[in-house]
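Novice: Quick one: the structure is below, questions incoming.
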Amino acid sequence: MSTIAFIGLGNMGGPMAANLVKAGHTVRGFDVMEEAKTKARQNGVDVQESAAAAAEGAQVIYTMLPNGKLVDAVLTEILPSASAGALFIDSSTIAVADARAAAEKVQAAGHRFLDAPVSGGIVGAEAGTLAFMVGGDEEVFGEARPLFDVMGRSATLCGDIGAGQAVKICNNMILGVHQIAIAEAMVLGERLGLDPQAFFDVVSNSTGASWALTTNCPVPGPVPNSPANNDFKPGFANALMNKDLGLAKAALEETGTSAVLGQAAAAFYQETVDAGFGDKDCSYVIELVRDR
0 MSTIAFIGLG NMGGPMAANL VKAGHTVRGF DVMEEAKTKA RQNGVDVQES
50 AAAAAEGAQV IYTMLPNGKL VDAVLTEILP SASAGALFID SSTIAVADAR
100 AAAEKVQAAG HRFLDAPVSG GIVGAEAGTL AFMVGGDEEV FGEARPLFDV
150 MGRSATLCGD IGAGQAVKIC NNMILGVHQI AIAEAMVLGE RLGLDPQAFF
200 DVVSNSTGAS WALTTNCPVP GPVPNSPANN DFKPGFANAL MNKDLGLAKA
250 ALEETGTSAV LGQAAAAFYQ ETVDAGFGDK DCSYVIELVR DR
């Protein structure tokens, strides 16, 4: 079993680290938030006083952080503490360019690096059913695969460094469009007199089915554990969706790619966050659809 440093023990990183502990790994963790540190301790993580302290002596250094600037800052802090030839895995959702810059910094110091963002949200992190989309060397991916298998149900090597982030950006652009489309269709159905359960039963078994409906249904009832049944407590918050769609929008502009629906979804989620609903689940957009 490995000694793993896990930097970022929040809503996603905390459960992921806990699953590594359950699998028998020694996990030394750090987070800036006291609540996250307390919960991690309860789950068996050896919480340290700094990221550098967590990284010292670890064979694998895992990061799950909010943005590319923090990833760069944490790497700068922990690289001097890292064991020779350590494996760095970053599951943050950041720009492709930021992932490549992180890899260059890590590799220049004599270590190995994978970018490995995830899909599946908090529910997937807790259940160990995340989907990992990975960029990097095939041999390094093979070494990391047992860890991905502990935390997820699938791990796909998508290409060189940055490819994982590229797939993640595309995936979440699709999700944003789907979540809005499901909201619009359900509101239309309501106004046509359809029962939400009947709508769900038909569409979830038809060509309109998607995760945004079958798991993240935006009305209470059809999916008992969807955020709509719990005041839209986030599995994937609007603020995070807005951030990811911002990355997608920037990538569209950088590559000269036209994406009418992707741009519209980015604008809609920006509006949702600007209205003060950043801490609600991304399915909360149905309330904005109703108000239009």
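In numbering that gives the first Met the number 0, the protein residues as written are 0 to 291. Every residue, glycine too, gets a C-beta built ideally from N, C-alpha and C. Bear in mind the structure is a predicted one, so any value in this text is a computation, not a measurement.
Any contact of the stretch 156-167 with the stretch 93-105, i.e. 3+ C-beta pairs under 8 Å?
Specialist: Yes: at least three Cβ pairs fall under 8 Å.
Novice: Output yes or no for whether 7 Å exceeds the beta carbon distance between S91 and L64.
Specialist: For the purposes of this step, residue 91 is taken as residue 92 along the sequence shown, with counting starting at 1. For the purposes of this step, residue 64 is taken as residue 65 along the sequence shown, with counting starting at 1. The answer is yes: Cβ separation under 7 Å.
Novice: Rounded to whole angstroms, what's the CA-CA distance from I181 to G141? Just pull it up for me.
Specialist: Against the sequence shown, residue 181 aligns to sequence position 182. Against the sequence shown, residue 141 aligns to sequence position 142. If I take the Cα positions, the gap works out to 38 Å.
Novice: Take V176 as the anchor and find which of P221, L156, G207 has the nearest alpha-carbon.
Specialist: One-based indexing of the sequence shown puts residue 176 at position 177. Looking at the Cα atoms, G207 is the closest of the given residues.
Novice: Which residues in the same chain have their Cβ closer than 6 Å to the Cβ of D45, if we skip the five residues on either side of it in sequence?
Specialist: In the sequence shown, counting from the first residue as 1, residue 45 sits at position 46. Contacts found: R27.
Novice: Could you tell me the distance, in whole angstroms, from the CA atom of T214 to the CA atom of A83?
Specialist: The count along the sequence shown starts at 1 and reaches residue 214 at position 215. The count along the sequence shown starts at 1 and reaches residue 83 at position 84. Cα to Cα, the separation comes out at about 43 Å.
Novice: Within 10 angstroms of its Cβ, does V222 collect 16 or more other Cβ (buried), or is it exposed?
Specialist: Here residue 222 corresponds to residue number 223 of the sequence shown, with the count starting at 1. V222 should be labelled buried.
Novice: Is it buried or exposed, M15, if we count other Cβ atoms within 10 angstroms and call 16 or more buried?
Specialist: Residue mapping note: residue 15 aligns to position 16 of the sequence shown, counting from 1. Result: buried.
Novice: So, with DSSP's three-state summary, where would you put T206?
Specialist: The count along the sequence shown starts at 1 and reaches residue 206 at position 207. Looking at T206 - three-state DSSP - the assignment turns out to be coil, as it is neither helix nor strand.
Novice: What first and last residue would you give for the alpha helix (DSSP H) that runs through A184?
Specialist: Stepping through the sequence shown from its first residue, residue 184 is reached at position 185. Note, A184: alpha helix (DSSP H), 162-190.
Novice: Could you tell me the alpha carbon to alpha carbon distance between I60 and E125, rounded to whole angstroms?
Specialist: Taking the first residue of the sequence shown as 1, we reach residue 60 at position 61. Taking the first residue of the sequence shown as 1, we reach residue 125 at position 126. Each residue's alpha carbon lies about 20 Å from the other.
Novice: Give the secondary structure of V105 by DSSP, where H, G and I count as helix, E and B as strand, and everything else as coil.
Specialist: Here residue 105 refers to the residue found at position 106 of the sequence shown. Correct three-state label for V105: helix.
Novice: Straight-line CA distance for A81 to L187?
Specialist: The sequence position of residue 81 within the sequence shown is 82, counting from 1. The sequence position of residue 187 within the sequence shown is 188, counting from 1. Computed Cα separation, rounded: 55 Å.
Novice: By alpha-carbon positions, which one of D278, L212, E183, N170 ends up nearest to L246?
Specialist: On the sequence shown, residue 246 is found 247 positions in, with the first residue counted as 1. It is N170 whose Cα lies nearest to the Cα of L246.
Novice: Hey, D97 and V70 are a contact pair by Cβ (cut 8 Å); roughly how many whole angstroms apart?
Specialist: Here residue 97 is taken as the residue at index 98 of the sequence shown, counted from 1. Here residue 70 is taken as the residue at index 71 of the sequence shown, counted from 1. 7 Å between Cβ atoms; contact.
Novice: Tell me where the beta strand (DSSP E) around G151 begins and ends.
Specialist: Position 152 of the sequence shown, counted from the first residue, corresponds to residue 151. Where G151 is concerned, the enclosing beta strand (DSSP E) stretches over 151-158.
Novice: Would you identify the three-state DSSP class for S118, choosing helix, strand or coil?
Specialist: Position 119 of the sequence shown, counted from the start, is the residue given in the question as residue 118. Correct three-state label for S118: strand.
Novice: Exposed or buried, which one is S282 when buried takes at least 16 other CB atoms within 10 Å?
Specialist: Within the sequence shown, the letter at position 283 stands for residue 282. By the 10 Å Cβ count, S282 comes out buried.
Novice: May I have the straight-line CA-CA distance separating S1 from V20, to the nearest angstrom?
Specialist: Stepping through the sequence shown from its first residue, residue 1 is reached at position 2. Stepping through the sequence shown from its first residue, residue 20 is reached at position 21. If I take the Cα positions, the gap works out to 10 Å.
Novice: Just to confirm before moving on: does the CB-CB distance between A227 and V272 stay below 7 Å?
Specialist: Taking the first residue of the sequence shown as 1, we reach residue 227 at position 228. Taking the first residue of the sequence shown as 1, we reach residue 272 at position 273. No, Cβ-Cβ distance for A227 and V272 is not below 7 Å.
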